[in-house]
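Below is one structure; the comments refer to it alone.
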Amino acid sequence: MRDQIRYHSYRYYVLDDPEISDAAWDALFQELRALEEQHPAFVTADSPTQQVGARPLEAFAVVEHRERLLSLGNVFDEAGLRDWHRRASELAERDDFALVTEPKIDGLAVALVYEDGRLSQAATRGDGRRGENVIENVRQIPDVPQRLAAPGGGALPSRFEVRGEVYMPKAGFEAMNAAIEEENPALVAAGKKPQRTFANPRNAAAGAVRQKDPKITASRPLRIAVYQLGWAEGATPGTHWETLEWLRSMGFPTTPETVRQPGLDATVAACAAWLPRRDALPMDMDGVVVKIDDFAVQRQLGAVGREPRWATAYKFPSAEATTTLLRIEVNVGRTGSLNPFAILDPVVVGGVTVGMATLHNEEDVHRKDLREGDTVIVRRAGEVIPQVVGPVLSRRKDGALPFEMPDRCPVSGDPVLRPETEVMAYCSNPVCPAVVRRSVEHFVSRGAMDVDGLGERRVNELFDARLIEDAGDIYALAERREALLTLPKMAEKSVDNLLAAIERSRSRPLSALLFGLGIRHVGAEGAALLAQHFGSVAALQQASEEEIAAVDGVGPTIAESVARWMATERNAEIVAKLAAAGVRLAEEGGGAREGPLVEQQFVITGRLASMTRDEAAAALKRLGASVGSAVTKKTRALIAGEGGGGKRAKAEKLGTPIWDEEQFHALLREHETEPAAGTKIDPDPAGG
Ligand code: IVH
């Protein structure tokens, strides 16, 4: 077990290329510690429980830390935190001490030495006693002060060490990975070794700090947050809280959202409050660090092994896990697209059990080189759907075969088409049963006709009972009460509710109807433009492809697709059925805002990595949202890029959700185009 832990520590700390998730490592470590506690005679000095991290790599000069860099013990819930506090109180013989909570930033620990106000050494943690001198690289990090200001109300100590975390902001990480991906084909073509992308911001930050070429480090979006004073020659403050303020006055960026808590209850509440906000910061955090504020109490408590008794980490459920990719299956989307998805050995990620995940398309599966039987890393960030990040190649079993897309549709058995310009493969049968059913599901979905109570299962039942054949038939269900009552879990009341919801949907706006028709390439945004310009389905049926393409914001791809849809006889029949049922097929009044985000207000702050603020605002407005200049109680969310202080503070005060760029893009993806392939997959079939 020690060997195993050593091996995984080496992969994590030295190679920056872990094979197992942090949670799995933690579990191994806790197990070893429990064993050693039961059998103290077997504890050896070189046991991982007595060490921190792994030995330094040879490439950098070795630095002896003047004072050992400690690690942190973990707690995983309120009971664990209270337990930690009780033990500390018993030893200190008091429990009235203040605590400080700060985010546990997921990056790489560094120790910076300053002499006469100048940075003179920067070392990684290494094994806690000896690390690597990475000063040339650390100098490239823009917010690491090279020269210090005198602290507020005092003189600089002649020599001292500060400790902090070097990290990569999430937005920078995404942009960097995207750029690497874009460059790779060019490198391959030039016969050079392509650069690998990184699985997460932590690995990317660690890799960048331990680069042999500081120029590469300089090109990576690194930042630092300082959280501790190591040692100092000269006068220093008496509490952690004052120390952080003191460090800030010298020019160090300290951990954001650090709060001094009067006691244990406030600390417990603060940790709980972080859980739903764990994605709110621009950097990854994997927990909350709780520290006793008073240095006198800290000294009194000291450390056991590698962990101080005066601090602990309240860890969040891991956002990443490793599991087995059991099978790759393929389902058929509403456009006939064949969407591969992963059947996983169910695993808890970020507090939710994940048993399936979309794999988008064939190309994606090949790019990641995912094979059945692989050990894979699964990641779930915020509310974003779970992602299979990639395989752990060192664990691949012999004989694992690359994925092959079937050449026949798994539902209808018809041949598969691969349009040259697309990464998607499609079923060649326009009336493939899967396509028809998915189309109805889409027609009644929320952004479209919004029929409450008609989900995937109910739609399938209606098809199975032959009550409907296409979207046009749902309005005739009012005459089929008796038949509806025979469906599972359909009492009088549910039938009434369903029919009322169908009735209400007749007056949905034209843009919702156009979106609901499920014309390929026509998302909510395109549907709104078409509704605004043509004003009715009849006008669109009359319009030529050129006329449609001439609409501002509608390109040739959409125009071609719309014209073809309107010219197809089956579709004309559906429209006729809808007209006969009295569904609204023309705009009323006009002028009013339309779109899936109507009546929702957003505010944008800071610098976004992928677009200007104006472009972001335009994208939101196209979906019907309004974009305000100040956060108010009505603001749905603050979209925060790099920087941006005042609005963020206001949003925090009002409890307004703060979204990073990733969450903003998730919103756009959800509404702007057709829903991403495979989004119908239930990521949590076990209901965990
Ligand atoms: S305090 C003795 N504060 O977490 C206390 N550490 O698992 C030492 N970390 O080695 C650390 N954010 O790399 C502290 N606000 C924070 C932190 C933090 C991230 C890292 C640091 C440390 C590791 C311990």
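In the numbering used here, the protein residues as written are 10 to 697. Ideal placement from N, C-alpha and C gives every residue a C-beta, glycine not left out. Source: prediction; values computed, not measured.
Check	Outcome
Boundaries (first-last residue) of the beta strand (DSSP E) holding I528	From DSSP, I528 is part of no beta strand (DSSP E); its letter is neither H nor E.
Extent of the continuous beta strand (DSSP E) run through M294	M294 to I301
Helix, strand or coil at G600 according to DSSP, with G and I counted as helix	At G600, the pLDDT of 42 sits below 50, so the modelled position is not reliable and the matter cannot be decided from this model.
Of the residues V460, A568, P265 and S56, the one placed nearest M294, counting alpha carbons only	P265
Best match in R287, A540, Q59 and A480 for proximity to D669 [C-alpha to C-alpha]	R287
Close-in-space but distant-in-sequence residues of the same chain around A627 (CB under 7 Å, 5 per side omitted)	none
Backbone secondary structure at A328 - three-state DSSP	coil
Spatially closest choice to R343 from C441, I386 and H369, by CA coordinates	C441
Any non-hydrogen atom of ligand 1 closer than 8 Å to Y323 Cβ	no
Span of the beta strand (DSSP E), counted from its first residue to its last, around W240	R232 to E242
Length of the line joining the Cα atoms of P271 and I567	60 Å
Any non-hydrogen atom of ligand 2 within 8 Å of P112 CB	Absent from the structure shown: ligand 2. Ligands present: ligand 1.
Spatial neighbours of A278 in its chain, beta-carbon cut-off 8 Å, leaving aside the 5 residues before and after	none
Boundaries of the beta strand (DSSP E) in which G173 is found, first to last residue	R168 to Y176
Check: D479 C-beta below 8 Å from any heavy atom of ligand 1	no
Sub-9 Å separation of A492 and L476 beta-carbons	yes
Reference E76; option with closest CA among N83, G137 and D31	G137
Cβ-Cβ distance between G633 and A537 below 9 Å	yes
Minimum C-alpha distance to G181 - residue among R148, I225, T206 and L231	L231
heavy atom of ligand 1 below 8 Å from Q39 C-beta	no
Own chain, CB closer than 6 Å to L463, minus 5 neighbours either side, in chain order	V453
Opposing strand residues paired with I337 [DSSP bridges]	A351
Cβ contact check for the segment 215 to 223 and the segment 239 to 249: 3 or more pairs under 8 Å	no
Contact test: V298 Cβ vs ligand 1 heavy atom, cutoff 8 Å	yes
L66 - DSSP class collapsed to helix/strand/coil	With a pLDDT of only 47 at L66, under the threshold of 50, the placement of this residue in the model should not be trusted; the figure read from the coordinates follows. In the structure shown, L66 sits in coil (DSSP, three-state: anything other than H, G, I, E or B).
Strand pairing of V316, partner residues [DSSP]	The sequence as given places Glu at residue 316; Val does not occur at that position. Answer is V313, bridged to E316.
Ligand 1 heavy atom lying under 8 Å from the CB of Y21	no
Extent of the continuous beta strand (DSSP E) run through E141	R139 to E141
Burial state of A601 (16 or more Cβ within 10 Å)	Unreliable placement is indicated for A601, whose pLDDT of 46 sits below 50; the coordinate value is still reported in the next sentence. Under this definition A601 is an exposed residue.
Closest by C-alpha distance to R490, when choosing among Q610, A509, G564 and L677	A509
R427 beta carbon near ligand 1 (any heavy atom closer than 8 Å)	no
Whole-angstrom distance between M575 and N581, CA atom to CA atom	What sits at residue 581 in the sequence shown is Ala, not Asn. Cα-Cα distance, rounded: 7 Å.
Expected contact under 8 Å - CB spacing of W319 and V109 to nearest Å	With a Cβ gap of about 11 Å, W319 and V109 do not count as contacting.
Exposed unless 16 or more other CB atoms sit within 10 angstroms - verdict on R543	Note that residue 543 is Phe in the sequence shown, not Arg. When all chains shown are included, F543 counts as buried.
Any non-hydrogen atom of ligand 1 within 8 Å of T264 CB	yes
Terminal residues of the beta strand (DSSP E) in which M433 lies	That residue, M433, is in no beta strand (DSSP E); it is neither H nor E in DSSP.
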